[in-house]
Amino acid sequence: MPTNTLIIGGGGYIGTHLISRLLETGRRVTVVGRKEMPQGSLPVEAAYCSGDFGNRDIIAPLLDQHEEVVHLAYATVPNTSFDNPLADLLQNLPPTVQLFSEVAARGGRMILVSSGGTVYGEATQLPIREDHPTNPISPYGVTKLTLEKYAHLYAATHGLKVICLRPANAFGVGQRPDAGQGFVSTAIASCLRGQPIKVFGQRGTVRDYIYVSDIAAGIVSALDRGRLSETYNLGSGVGQTNMDVVETFAPLMREIGCDIRVEHLPERVFDVQANVLDSTKLQSHTGWKPQVDFHDGLAWTRDWLRESCD
8 MPTNTLIIGG GGYIGTHLIS RLLETGRRVT VVGRKEMPQG SLPVEAAYCS GDFGNRDIIA
68 PLLDQHEEVV HLAYATVPNT SFDNPLADLL QNLPPTVQLF SEVAARGGRM ILVSSGGTVY
128 GEATQLPIRE DHPTNPISPY GVTKLTLEKY AHLYAATHGL KVICLRPANA FGVGQRPDAG
188 QGFVSTAIAS CLRGQPIKVF GQRGTVRDYI YVSDIAAGIV SALDRGRLSE TYNLGSGVGQ
248 TNMDVVETFA PLMREIGCDI RVEHLPERVF DVQANVLDST KLQSHTGWKP QVDFHDGLAW
308 TRDWLRESCD
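Numbers in my numbering are just positions in the sequence shown, counted from 1, shifted up by 7.
Structure, rendered in structure tokens:
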């Protein structure tokens, strides 16, 4: 019988790519999202349920029908979490802890998608392995790490079958600019609109950029071959500053007649200087490896943004 997989928050950017990957494996997929309609178009084979996963009357019957859960939902982004840390905590922690309890009670298998970009804080060594100290400097990172701790708590005390994934900075087709996350899409869209690219500091921060389909493949690999109660980084292992990214895609923009302008702004206190993830453990345990070349991903993102964004 096909495995039934529930994706919470699956109507968003990563989720829409993940659905296709899961369907390719023969799974039956149901998506839960807050919006009446998902952000992007979903494959016809996937079912969509509109509602708040924190509402037990909605989520409990769905969990009864699914053996696997991928938890992607998160109500805030780093910018908004810094402005209102209490809201970040209250909107994300109670419903997710309740979810852990409900999944554990049914014996389901779960992937918690956390944040490799924020839970570690300032890196003492690069690339960062999973055993690196976790000292986040943003409310977003603190809450993400707290969710991981609760996941492991429920694994130890309630038998929750859970794996935590810490992805790097996703980019690629389908990522809407100006959403508070996603430097690549926001920077390319700024060029297309004739606006300056905003960079905080002279070169910006160092980040690990990974194409979204590679993240989706990594999640599926963890579902299929990951070890329970493990935490895995999911990244490319290559660090690039914001200006490195701009300088790489500048020729692609000039090909279509777009000039590059950069506006340098003061550094932000909640941005760690460098975050590059070592994904050796995930590769060793599951065989996953990133497949998409960074330059190719930039070109695909540019072409999609030209067609879809003003």
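For every residue, glycine included, the Cβ atom is placed at its ideal position computed from N, Cα and C.
| Check | Outcome |
| --- | --- |
| Closest by C-alpha distance to S291, when choosing among P92, Y216, E237, D278 | E237 |
| First and last residue of the uninterrupted beta strand (DSSP E) at P174 | 168 to 174 |
| Reduced DSSP secondary structure (H/G/I, E/B, other) of D64 | helix |
| Beta-carbon proximity of K205 to Y239, cut-off 7 Å | no |
| Same chain only: Cβ atoms within 6 Å of T83, ignoring 5 sequence neighbours per side | D95 |
| Close beta carbons around H24, own chain, < 6 Å, minus the five adjacent residues each side | V219, S220, A223 |
| Test item: CB-CB of V283 and L97 under 7 Å | no |
| The stretch 292 to 310 contacting the stretch 256 to 270, beta-carbon criterion three pairs below 8 Å | yes |
| DSSP bridge partner residues for M44 (one or two, in chain order) | Paired residue(s): none; M44 is not in a bridge. |
| Beta-carbon spacing of G233, D215 below 7 Å | no |
| Check whether V213 and G246 have beta carbons under 7 Å apart | yes |
| Buried versus exposed call for G187 [16 or more other C-beta atoms within 10 Å across all chains shown] | exposed |
| Status (buried if at least 16 other CB within 10 Å, exposed otherwise) for E254 | exposed |
| Rounded separation between A196 and L272 - CA only | 18 Å |
| Whole-angstrom distance between L29 and G181, CA atom to CA atom | 18 Å |
| Collapsed DSSP secondary structure at Q247 in the structure displayed | strand |
| Rounded distance between the beta-carbons of V149 and M117, thought under 8 Å | Not confirmed; about 21 Å, so no contact. |
| Touch test, the stretch 32 to 42 against the stretch 50 to 59, Cβ-Cβ under 8 Å, three pairs minimum | yes |
| Backbone secondary structure at A82 - three-state DSSP | coil |
| Contact set for V120: own chain, Cβ-Cβ below 6 Å, skip 5 residues either direction | L79, L172 |
| Beta-carbon contacts of H139 that lie in its chain and below 6 Å, excluding the five residues immediately before and after | Y127 |
| Pick from P45, G179, G211 that is closest to V276, judged by C-alpha positions | G211 |
| Among T32, L70, R309, the one whose alpha carbon lies nearest that of S192 | R309 |
| DSSP state of D215 mapped onto helix, strand, coil | strand |
| Residues bridged to H24 [DSSP beta-bridge criterion] | Its beta-bridge partners do not exist; DSSP assigns none. |
| C-alpha distance - Y161 paired with A281, whole-angstrom precision | 32 Å |
| Rounded distance between the beta-carbons of L69 and L154, thought under 8 Å | Going by Cβ atoms, the distance from L154 to L69 rounds to 20 Å, so no, they are not a contact pair. |
| Counted within 10 angstroms of its Cβ, other Cβ atoms place L235 as buried (16 or more) or exposed | exposed |
| Identity of the residues DSSP links to S145 by a beta bridge | Paired residue(s): none; S145 is not in a bridge. |
| Cut-off 7 Å between Cβ atoms - residues of its own chain near K151, not counting five sequence neighbours on either side | S121, S122, T125, V126 |
| F277, DSSP secondary structure in three states | coil |
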